[in-house]
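**Student:**
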Amino acid sequence: MNRQTDVVIVGTGAAGLFCALKLPVEYQILMITKDDVDQSDSFLAQGGMCMLRGEEDYNSYFEDTMKAGHYENNKASVDVMIRSSNRIAEDLLGYGVDFERNGDELAFTREGGHSRPRILFHEDITGKEITSKLLARAQERDNITILDHTMMLDIIDGENGCEGLVIREADGSLGTVQAGYTVLACGGLGGLYQHSTNFRHITGDALRSQFVTGLRWSISIIFRSTRRHYIRRNRDDVF
Ligand SMILES: Cc1cc2nc3c(=O)[nH]c(=O)nc-3n(C[C@H](O)[C@H](O)[C@H](O)COP(=O)(O)OP(=O)(O)OC[C@H]3O[C@@H](n4cnc5c(N)ncnc54)[C@H](O)[C@@H]3O)c2cc1C
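The numbering of the sequence shown is numbering that gives the first Met the number 0, which starts it at 0 and goes up by one.
1) Under a three-way DSSP split, which group does D240 fall into?
2) Where A75 and S83 are concerned, what is the direct C-alpha to C-alpha distance, given to the nearest angstrom?
3) What does DSSP give as the partner residue(s) for Q177 in the beta ladder?
4) In whole angstroms, give me the CA-to-CA distance for D156 and M0.
5) For the alpha helix (DSSP H) that contains L43, what are its first and last residues?
6) DSSP on M50, reduced to helix/strand/coil?
7) For I143, write down the residues that DSSP places opposite it in a beta bridge.
8) What did DSSP end up calling S219 once you bin it into helix, strand or coil?
9) Quick one: Cα of R109 to Cα of D56, how far?
10) Quick one: any contact between the segment 89-100 and the segment 141-160, if contact means 3 or more CB pairs under 8 Å?
11) Between the segment 193-203 and the segment 17-28, do at least 3 Cβ pairs fall closer than 8 Å?
12) Which residues mark the beginning and the end of the beta strand (DSSP E) in which I155 is found?
13) State the CB to CB distance for the pair L51 and A137, rounded to an integer number of angstroms; the pair is presumed to be in contact (CB under 8 Å).
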């Protein structure tokens, strides 16, 4: 089948779902995922999500992050991650995510690499709590369609840049998706390793497509049909 949409998003993990929910409702959005919709690493994440605890916490949070990354981190990316953490936490609360609380206040725990408690959590199933709520909100939206067991095979590299995807649908047939915007939120590549806590089907497919098209490495990428650029892990500011 040949499909047409405003935006196609590959991946129904936290990245893909959050992106879909943040886009204007006027856009028709098609999401595809290789497996069942809830079979993403995002559902497996246990510990929690870091949040900046006020301006006085910035230097410490920055240093902890750099140290954990052996000071090889992209400093601008770390800054974006820290600066956007409060806004993203607020968005997640708005989508119904139930973070642990002490009375009316959010509760924070401490995890490896952090010099003070700044981790939002939900029991030890934070990823499931976040991603299941994002999925529920996405499934409520009339402008979002999700196709499971549908795999991105390639991107369509047309005259105007990326014009969509070649896909294999759930029934095994080949098809295309023509889209104004293409977002790759395919997760990492842990599934390639023999020993991994990742799902087997998380195999670095976005990275492969970047190598093929000569694009820079990133966790998630967005292509626009008239130009190309990549985004960092704060996936809400893409348009
Ligand atoms: C056991 C475990 C514990 C973790 N704990 C934490 C934690 O406490 N805190 C933390 O911040 N992070 C944690 N992480 C890491 C975190 O889960 C990931 O970084 C995050 O979930 C990645 O989200 P994502 O949306 O980018 O990708 P994923 O959630 O992996 O989703 C990828 C999506 O892309 C789809 N996909 C991939 N390729 C294709 C293709 N070719 N065609 C169609 N669909 C495709 C997949 O089906 C899936 O839907 C943990 C990870 C694991 C495995």
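The beta-carbon is built from N, C-alpha and C at its ideal position, and this holds for glycine as well.
**Tutor:** Taking the definition as stated:
1) This structure gives no information on residue 240, because the portion of the chain shown stretches from 0 to 238.
2) 12 Å
3) Q3, G163
4) 19 Å
5) 40-43
6) coil
7) I28
8) For S219, the pLDDT reaches just 47, beneath the cut-off of 50, and the residue's location in the model is therefore unreliable, although a value from the coordinates is still provided. Strand at S219.
9) 14 Å
10) no
11) no
12) 150-157
13) Not confirmed; about 27 Å, so no contact.
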